[in-house]
Amino acid sequence: MILIIFFTIFSGCGGTKVIPDAFDAEIEVTETTNEIDIPETHEPDYNTDDNQIEAVCGDGRLWPPERCDDGNTESGDGCSYDCSKIEEGWACPTPGQPCVPTAICGDRRIGGREMCDDGNTESGDGCSGDCLQVEPGWICPIPGAACQAARCGDGIIAGFEECEDDDVVPESGDGCDAQCHLEEGFVCPTAGQACRETVCGDGIVEGLEQCEDRNNDLGDGCDPFCHKEPRCENGNCEGVCGDGVRLPSEECDDGNTRDYDGCSSSCRVEIGFQCTDEFVTEPDSISIPIIYRDFMGRDLPGGHPDFEYVTGDDRGIVANNLGSDGKPVYASSGTTPTTNGRTYFDQWYRDTAGVNMTIVETLTLNRTDPGTFVFDSSSFFPLDGRGWVGAGREPARTGGHNFHFTSEVRYWFQYQGGEELSFRGDDDVWVFFNGILAIDIGGVHPAESASITLDATQASRLGLRIGGIYEAAVFQAERHTVASSYRLTLRGFNAPRSHCNYICGDGIVTRYEVCDDGKNDGSYGSCSPDCLAFGPYCGDGTLQTEFGEECDDGNTLPHDGCDAYCKREGPG
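In this text, residue positions in the sequence shown follow the working numbering: the first is 6, and each later residue adds one.
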């Protein structure tokens with residue numbers, strides 16, 4: 006408080022004297038009356054008991070105990086409503102003048118006019134590039150931490166969301182799952198609207214499709230599920246990113262080309278993840294594409310002459326090498342004991358309108374021993390009720406089953422030596438490695454067995470070298486209405502597909518983490534040890550005075566009565 010000292014006024018001095026006082030007001034002294042005329046000003050209030058001044062917040066003058074005075078009594082502009090504090094991110098150097106923002110967007114603190122600060126100056130990540138706006142569909146719960154999608158199901162794609170459909174309550178199975186991640190076989194082109202199924206083979210790459218070649222063939226670089234395959238030319242295969250086979254030139258390959266899952270679309274390990282080869286911890290099963298082509302027996306009009314024909318072993322039906330299109334080549338210039346020539350045989354594994362119907366599925370092999378995966382069915386009728394039977398062109402046969410079909414399976418592996426493949430089934434079965442015939446149990450017969458171990462001798466015959474990527478192809482045919490069985494065993498063929506996990510504690514938030522501040526001890530303002538939840542924090546809606554909170558309104562937005570650090574704000 007300032008004591009006011011008045012100047013002594015002497016009479017007898019003509020005129021009026023103007024004396025400046027301590028507040029820049031002009032004091033007029035009138036000679037004739039010796040009276041002091043003090044004009045009305047916005048001065049501090051006087052305490053008449055001790056002749057002191059009381060500061061008036063908002064008068065633009067700085068008097069103790071004021072910390073600032075910007076000429077108004079509103080909060081949110083740098084100086085609090087009662088002039089008791091300079092607000093976070095501001096400086097108030099000149100009384101009576103507007104305060105100046107000092108907050109630096111990207112410094113991980115909220116101040117000045119900032120509404121958020123996620124540690125960078127980029128837009129599109131929840132906090133605008135100038136830190137003045139929380140972007141629609143996002144929340145930024147803790148200053149300095151990465152912003153997050155506000156809610157799966159709000160119709161706005163944010164954070165690590167890949168889709169937003171029209172579910173009021175997000176559900177899986179409709180293209181966009183309950184976490185707003187895109188599901189296989191769907192595309193969700195418009196946020197907030199229903200997803201639709203993709204059609205592999207329509208020539209349009211969309212959704213999670215990796216390729217499109219408009220056919221049902223395996224081994225041509227794009228499988229019938231529109232997933233990439235290794236590229237093979239003249240027996241040499243070159244891996245491609247997304248084919249599930251990791252080569253030394255790739256940091257990872259998890260069998261897809263989606264980002265933010267640990268292995269990027271260019272097969273590089275993404276920040277915040279570590280990737281290992283999946284065969285270190287083997288899965289319980291593996292699934293590989295299988296193509297069925299359904300035929301009618303020769304005993305029906307339009308039936309195929311090779312199906313429901315004579316029985317008996319018939320080795321040598323196919324040539325030693327696959328054709329340029331990756332299909333078996335008919336070896337005979339005429340016919341064989343159980344077949345009727347090249348023209349008819351060429352239809353077995355090729356789509357032929359009016360002759361066969363193609364159905365694409367997966368074959369699941371279960372792990373029975375370390376490194377060993379088996380599919381085993383002694384009653385193998387995958388097309389019952391489908392194909393020509395389903396279309397009403399062929400009656401169900403013995404036991405109500407649909408006989409007369411072929412199947413085609415291809416599997417890529419990195420040769421290490423000692424791999425073993427065995428097969429037991431009926432009727433015809435041919436197995437090729439690197440395009441060269443390795444097993445021939447052709448003919449119409451009861452279940453027969455054969456196997457091969459890829460030792461050094463076989464590797465030399467088949468042109469295999471350690472570390473190379475090769476194709477195993479299995480062609481089978483069921484041609485007679487007696488029985489049908491199929492047992493395929495793969496031992497040691499584990500392809501090193503990558504499996505990626507997030508690194509909790511590295512300070513990087515991935516799509517699978519809620520938070521990661523590098524501390525992760527679950528304390529106030531920190532992240533939980535598993536990176537899946539926050540500890541108590543300002544903005545969680547719970548008043549925690551033990552941590553210095555004066556208020557908690559469930560957010561960290563300033564200028565709403567409770568600031569970003571849970572301190573009370575005045576009116577304004």
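We put the CB at the ideal spot given by N, CA and C, even for glycine.
Between the alpha carbons of G212 and C84 lies a gap of roughly 52 Å. Sequence-distant partners of G260 (beyond 5 residues in either direction) whose C-beta falls short of 6 Å from its own C-beta, in its chain, are G249, R502. With the rule of 3 Cβ pairs closer than 8 Å, the stretch 359 to 368 does not count as touching the stretch 469 to 485.
Contact between E217 and C227 is confirmed by a C-beta separation of about 7 Å, below the 8 Å threshold. Between C157 and P175, the C-beta spacing is below 7 Å.
In this model, R573 and G63 are separated by some 19 Å (Cα to Cα). Taking all protein chains shown into account, V139 has 16 or more neighbouring C-beta atoms within 10 Å of its C-beta and is therefore buried. Nearest to D445 by C-alpha distance, out of P333, C121, D179, is P333.
CA-CA distance, N77 to C532, rounds to 40 Å.
In the structure shown, T107 falls within a coil segment according to DSSP collapsed to helix, strand and coil. Excluding the 5 residues flanking it on each side, R484 has same chain C-beta neighbours closer than 6 Å at F312, D432, V449, in chain order. Per DSSP, reduced to three states, the secondary structure at G180 is coil, with no helix or strand assignment. Counting the other CB atoms within 10 Å of its CB gives T547 a total below 16, which places it among the exposed residues.
R298 and P306 have their C-alpha atoms roughly 18 Å apart.
N560 and E169 have their C-alpha atoms spaced approximately 24 Å apart. By the Cβ-count criterion, P563 is buried, with 16 or more other Cβ atoms from all chains shown falling within 10 Å of its own Cβ.
Around the CB of S454, fewer than 16 other CB atoms lie within 10 Å, so the residue is classed as exposed.
Per DSSP, the unbroken alpha helix (DSSP H) holding R347 starts and ends at 347 to 350.
Apart from the 5 residues on each side of it in sequence, Q215 sits with its Cβ closer than 8 Å to the Cβ of C227, C231, H232, K233, G247, N261, T262 in its chain, given in chain order.
N439 counts as buried, since at least 16 other C-beta atoms from the protein chains shown sit within 10 angstroms of its C-beta. Taking 3 residues as the minimum length, the stretch 76 to 152 contains no beta strand (DSSP E) run wholly inside it. Taking H186 as the centre and dropping the five residues before and after it, the same chain places the C-beta of E167 closer than 6 Å to its C-beta, in chain order. In the DSSP annotation of this structure, the continuous segment of the alpha helix (DSSP H) that includes A464 starts and ends at 461 to 467. For G206, no beta strand (DSSP E) run applies, since DSSP gives it neither H nor E.
Here R372 is near D289, since their CB atoms are less than 7 Å apart. Put simply, the stretch 406 to 425 touches the stretch 379 to 398. At least three CB pairs are less than 8 Å apart.
Excluding sequence positions up to five before and after V315, its CB lies within less than 8 Å of the CB of P342, T343, V449, all in the same chain and listed in chain order. Assignment of beta-bridge partners to E483 by DSSP yields F410. One thing to note: C136 has its Cβ within 7 Å of the Cβ of C110. Assigned with DSSP and collapsed to three states, V434 falls in strand. In this structure, C543 keeps its C-beta atom at 7 Å or more from the C-beta atom of D521.
Taken through DSSP and simplified to helix, strand or coil, F385 comes out as coil.
Nearest to A163 by alpha-carbon distance, out of C152, V173, F428, is C152. Burial check for I296: the Cβ neighbour count within 10 Å reaches 16 or more, so the residue is buried. Contact check for P148 against R114 passes: the beta carbons are separated by less than 7 Å.
Around the beta carbon of S271, a 10 Å sphere encloses fewer than 16 other beta carbons of the protein chains shown; the residue is thus reported as exposed.
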